[in-house]
Structure formats: C-alpha cells, structure tokens
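Student: In this note's numbering, the protein residues as written are 176 to 281.
Note that CB positions come from ideal geometry on N, CA and C, so glycine has one too.
No experiment lies behind these values; they were computed from the predicted model shown.
#1: Mind checking whether the beta-carbon of residue 260 lies closer than 7 Å to any heavy atom of the ligand HEM?
#2: Classify residue 235 as buried or exposed, calling it buried when 16 or more other Cβ atoms lie within 10 Å of its own Cβ.
#3: Taking residue 222 as the reference, give the member of 268, 195, 213, 186 with the closest Cα.
#4: Is it right to say residue 275 is buried, meaning 16 or more other beta carbons lie within 10 angstroms of its own, or is it exposed?
#5: Is residue 176 helix, strand or coil by DSSP?
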C-alpha cells in the first residue's frame with residue numbers, strides 16, 4: 176500500500192483516482208500526438224483492446240460459480256458486455272468506412 180510523505184496511509188480511493196486521472200492525460204496526449212495517417216490503425220487497436228473488457232464482463236456475468244455472487248455484479252457485467260460489444264463492432268465498422276475512402280474507384 177502506498178504511504179504518504181508524512182507517514183500516514185493514503186486512501187485507496189484517492190490513489191486509484193489519481194492513477195485514473197493520470198491515465199486520462201497520458202491517453203489524451205498519446206492520441207493527439209499520432210499523425211493523421213495512423214489514426215485508422217490506432218482505432219483498430221483500441222477496438223481490439225475493448226475485447227479485454229468483454230472478457231472481464233463475461234467473467235463478471237459468470238460469477239455464479241462464486242459463493243458470494245450477487246445480482247448487481249451480473250447486471251454490471253452484462254451492461255459492460257453490451258457496451259463493449261457495441262464499441263467493438265461499431266469501431267470496426269467506422270474503421271472499414273475510413274479505409275474504404277482510400278480505395279481507388281473503378
């Protein structure tokens with residue numbers, strides 16, 4: 176666990192929130208520093224990363240194997256599964272349309 180400079184323990188929520196905020200800034204600067212020619216492959220990679228969310232959602236939906244399974248975790252897992260699936264398929268559709276713009280007609 177992380178400890179503060181004074182010696183006290185840092186609240187785990189604040190620690191995770193700080194990591195989340197740093198990840199937002201890093202992601203923002205990484206995406207905006209990519210050249211326009213690489214935006215299509217970047218979108219494809221982010222859609223592939225969304226498949227990790229699908230795996231986590233499937234694990235959350237299938238928590239009936241655990242002894243302390245609750246309906247809330249199954250509900251959130253199902254919602255995450257639906258949203259991640261829409262993100263994956265919609266993202267690949269957009270990527271396909273963007274690549275179609277570069278094909279020669281005729």
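Tutor: For this structure:
#1: Among the ligands in the structure shown, none appear at all, so the ligand HEM cannot be discussed.
#2: Around the C-beta of residue 235, 16 or more other C-beta atoms lie within 10 Å, and the residue is accordingly described as buried.
#3: Of the candidates 268, 195, 213, 186, the one whose C-alpha sits nearest the C-alpha of residue 222 is 268.
#4: With fewer than 16 Cβ atoms within 10 Å of its Cβ, residue 275 is classed as exposed.
#5: Residue placement at residue 176 is flagged as unreliable, the pLDDT there being 49, under the threshold of 50; the coordinate-derived value follows with that caveat. Three-state result, residue 176: coil.
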